[in-house]
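Down below is the structure, laid out as structure tokens.
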Amino acid sequence: MKQHRKLARVVAGAAVAALVLTGCRGGGDEDSASGPGITEEACPDAVNKDNGCIYLGAISDLTKGPFAPLAVPITDAQKAFWKKVNEDGGVGGFDVNIDKYIADAEYNPEIHNKKYQEMRNDVLALGQTLGSSQTLAILEDMKADDVIGVPASWNSAWDFEDQILQSGANYCFEAMNGVDWAVANRGVKGKVLAIHYPNDYGGDAAAGVEAAAKANNLDFKAVETATGQDNQAGAVAAVLKEKPDLVYVTTGPAEMATILGGAAAQGWKGTVVGSSPTWNPALLQTEAAPALEAMYFQAGPWGPWGTESDGHKAMRDALAEVDSPSDGYTAGWVWEYPLLAALKAAADMDGGVTRENVVKAAKDLDSVDYEGMLPDDAFNQTGEANDVAWRQSVISKVDKEAPTGVSIAEEMKAGPTAEGYDYTEPCFALN
Amino acid sequence: MTTFLQSVLNGFAQGSIYALLALGYVMIYKATHVISFAQPALMVCGGLFAYHATSVFELPFWPALIVAIIAGALLGMLVERLALRPMVGKPVFTLAIITIGVDIVLRIFANRYMGPDPRSVPYPGGSNRLEFWGLSISHQRLGLIVVTAVTVAALAMFFRYAKTGLAMRATALNQETALAQGIRVGTMFALAWAIAGGLAAIAGTFVAATGAGMEQNTWIIALKALPAIIIGGLDSIPGAVIGGLAVGLVESITAVYQPDVAPWLGNNFALVAPYALMFLVLLVKPYGLFGTKEVERV
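For the protein sequence lines, the chains are S and B, in the order given.
Heads up: take any position in the first sequence, counting from 1, add 1185, and you land on this note's numbering.
Heads up: take any position in the second sequence, counting from 1, add 10, and you land on this note's numbering.
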């Protein structure tokens, strides 16, 4: 009897130990063929039941952060992008799933890091990591994990990071092009005011504005402003006091509209050029709409939703059920092309799709087929940033008739400041 | 001088929002001795009621404002009946914590309705401006100042001349004595919440008509009414109005002059200026400018 009890204790102890050890393994799929984030089992609700599954993560800003109006469509577009990839057969015998690991980080670097920790053993790569400071908060972990990421941001620092697959001109070049365009087309010749968030997004653009102001012999002043519509009194006061010819804004859409609307309501007349994320077509329903129509222009990395290209058409077809088009969809769709190219290249390598091979493949990409949404050579990871970084932007104007409220005022082009810029380090040091 | 007067005008407009919200806080505090942290949610819901009335029912602004006030008042009464009334007699701190829960719950529903895009209430001629003496103000902001002034005057008359208003004042003064006089104290509580809900709805409607409209994080505006009620005095209706306007003025004037006069205070000091003012007032008048000094028998 005693022996039975002893045996029972040993078995029970072993069972508990096994349970604990199993729990300690974390959520990784280490029993899969190729490592974390990839399984031989089909994806949940798989398009191709015989394919394995590649899991991508998306850390976004889906509810209360300043970019939620853009981030929701970005994320939806990325789901649609990979659904289409799967419908076309998948990648190297795998379907790609970006639906399972979607997290809302509220545009907060700490939450962003927490969300990454929760998914780091479960994803092969990040299909979206929204925000510059936010991505910086997980960059070292991504490097340690051999995880590549698609930024939902355009920061000059990403041109110097192999594991961040950036598409389109960064905020810095975008700002240079915006100022050069305003000088050439809006008669700007006196003062330029850069109003920006006090973070890496704002800082990068402000550095570009400063460089362009210097190149064009304009007076330059920068004003930092906080998030939140109720916190823009200082920015509005600065516009009224400085009376600039050009205000370059790098905030969220609501803040931009509040600043422009507030300054215009008090008699300021000038030109406002905003970084790409400052536009949301819903702003046309607000009190600021008349001022936006008269004074606002958007510097952006590619043509808006309604542009004619194979990629734009594929996107519109895939998102045909969308009621309110937004260029968040456009951005989300374009951003995934380099990741698709990296996965395809990794699938052809020895060992197939693994984190290590995807990193290696991404480093060797010297062009990406964007289906005409961007030129193929807009993406090149194989040289020095000064030689290969993409410097061209599109300038759009408010157009109530256009699907996303903006249409192209100037086709893709690099202005003289961006063309001649000595790009040996990021415009703004991330910290 | 024009710059100064313009910043005063802007401050008055923004301060009107804070004053309306501060009045709501004070109404509830006077009636129940509870600081209601549900005011931000009531403001957001009020703005969304107006948005729904204009966008779905296609009502013009002014009827939509009336709808929002009525719906806001009903919501306030509902909150009082369901969440606060059953807790009568419990410590005030407990009730305050309950209002935080109410705020969170209401904002969850509001956020689901709102989604990620801003919701805006169109104001008739909102972007048109009135210009005088070199100053400029949008019709929407002018409307806000006028509506606030009318609301404050109506409230003052209600408490001075209306029987119910007098009953509310009696309840605020001493609940047991009010009961002994035949006043239905529970009804007075509900009425205080209804008025607070209506006031928050006015503020929310004008917030939704301003700038980029109502967003998921717009509720934070209502927190700026907290320094206003501390400055004015927790239980003072005139204090709430003056405190609200003072916060708006300080914020606006600081935003214009601080970057030049005191750049060493850093960027965006205007955001903390109301709290600095609150601190100064508390140093001199611990119960606020118009608050009742508490006397305790020991």
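In this text, a Cβ means the ideal position worked out from N, Cα and C, and glycines have one as well.
If you keep only unbroken beta strand (DSSP E) runs of at least 3 residues inside the stretch 117–160 of chain B, you get 139–142, 145–148. Of all residues in the stretch 1421–1438 of chain S, only V1421, A1422, A1423, L1425, K1426, P1438 place a beta-carbon less than 8 Å from a beta-carbon of chain B. In the three-state DSSP reduction, V1408 of chain S falls in the strand class (E or B). Q1263 of chain S and F289 of chain B have their alpha carbons spaced roughly 49 Å apart. In the three-state DSSP reduction, Q1417 of chain S falls in the coil class, being neither helix nor strand. The continuous beta strand (DSSP E) containing E1595 of chain S extends over residues 1591–1598. A direct Cα-Cα distance of roughly 16 Å separates D1344 of chain S from D1561 of chain S. Identification of chain B residues near T1443 of chain S by a Cβ-Cβ cut-off of 7 Å yields G221, A222, ordered along the chain. Judged by their CB atoms, R95 of chain B and G196 of chain B are nearer to each other than the 8 Å cut-off. For P237 of chain B, the closest alpha carbon among the candidates B:M37, B:V157, B:K173, B:V291 is that of B:V291. Taking a C-beta distance under 8 Å as the contact criterion, A120 of chain B and V54 of chain B qualify as a contact pair. With fewer than 16 other beta carbons inside 10 angstroms of its own, Q191 of chain B counts as exposed.
In this structure the stretch 1410–1418 of chain S touches the stretch 1370–1387 of chain S; the number of beta carbon pairs closer than 8 Å is three or more. Contact annotation: V1394 of chain S and V1377 of chain S have beta-carbon atoms nearer than 8 Å.
Legend: CB atoms of the stretch 1284–1303 of chain S lying less than 9 Å from CB atoms of chain B are not found in any residue.
When C-beta distances to chain S are compared with 7 Å, the residues of the stretch 242–268 of chain B below that value are E261, S262, A265, V266, in chain order. Our two residues, V1434 of chain S and V1458 of chain S, have alpha carbons roughly 6 Å apart in a direct line. Among the bridge pairs identified by DSSP, M224 of chain B is matched with B:R129. With respect to chain S, the C-beta atom of S26 of chain B has no partner C-beta closer than 8 Å. In terms of Cα proximity to P1523 of chain S, the closest of S:A1227, S:Q1313, S:D1246, S:A1467 is S:Q1313.
Put simply, the CB of N1465 of chain S is near chain B, with a gap under 8 Å to one of its CB atoms.
The residues I27, L154, in chain order, have a CB closer than 7 Å to that of F216 of chain B in the same chain once the five nearest residues on each side in sequence are set aside.
By the neighbour-count criterion, in which 16 or more other beta carbons inside 10 Å mark a residue as buried, P134 of chain B falls on the exposed side. For D1389 of chain S, the enclosing alpha helix (DSSP H) has its first and last residue at 1385–1400. Within the same chain, Cβ atoms closer than 6 Å to the Cβ of G1275 of chain S are found at N1233, N1236, the five residues on either side in sequence being excluded. With fewer than 16 other Cβ atoms from the protein chains shown falling within 10 Å of its own Cβ, Q1302 of chain S counts as exposed.
Contiguous beta strand (DSSP E) elements confined to the stretch 1458–1532 of chain S occur at 1481–1485, taking only those with 3 or more residues. A distance of 8 Å or more separates the beta carbons of A74 of chain B and G56 of chain B. Shown here for A1473 of chain S: same chain residues with a beta carbon closer than 8 Å to its own, the five before and five after excluded, namely A1442, T1443, L1445, G1446, A1449 in chain order. When the alpha-carbon of S130 of chain B is set against those of S:F1613, S:F1482, S:A1439, the nearest one is in S:A1439. G1312 of chain S carries a strand assignment under DSSP once its states are collapsed to helix, strand and coil. As summarised for the stretch 39–90 of chain B, the continuous alpha helix (DSSP H) elements at least 4 residues long and confined to that stretch are 49–65, 71–89, given in chain order.
Segment contact: the stretch 1593–1600 of chain S against the stretch 1478–1489 of chain S, three or more CB-CB distances shorter than 8 Å; contact assigned. At least one C-beta of chain B is nearer than 8 Å to the C-beta of N1416 of chain S.
DSSP places A190 of chain B inside the alpha helix (DSSP H), whose first and last residues are 185–190. DSSP, reduced to helix, strand and coil, places A1587 of chain S outside both helices and strands of the structure shown, so it counts as coil.
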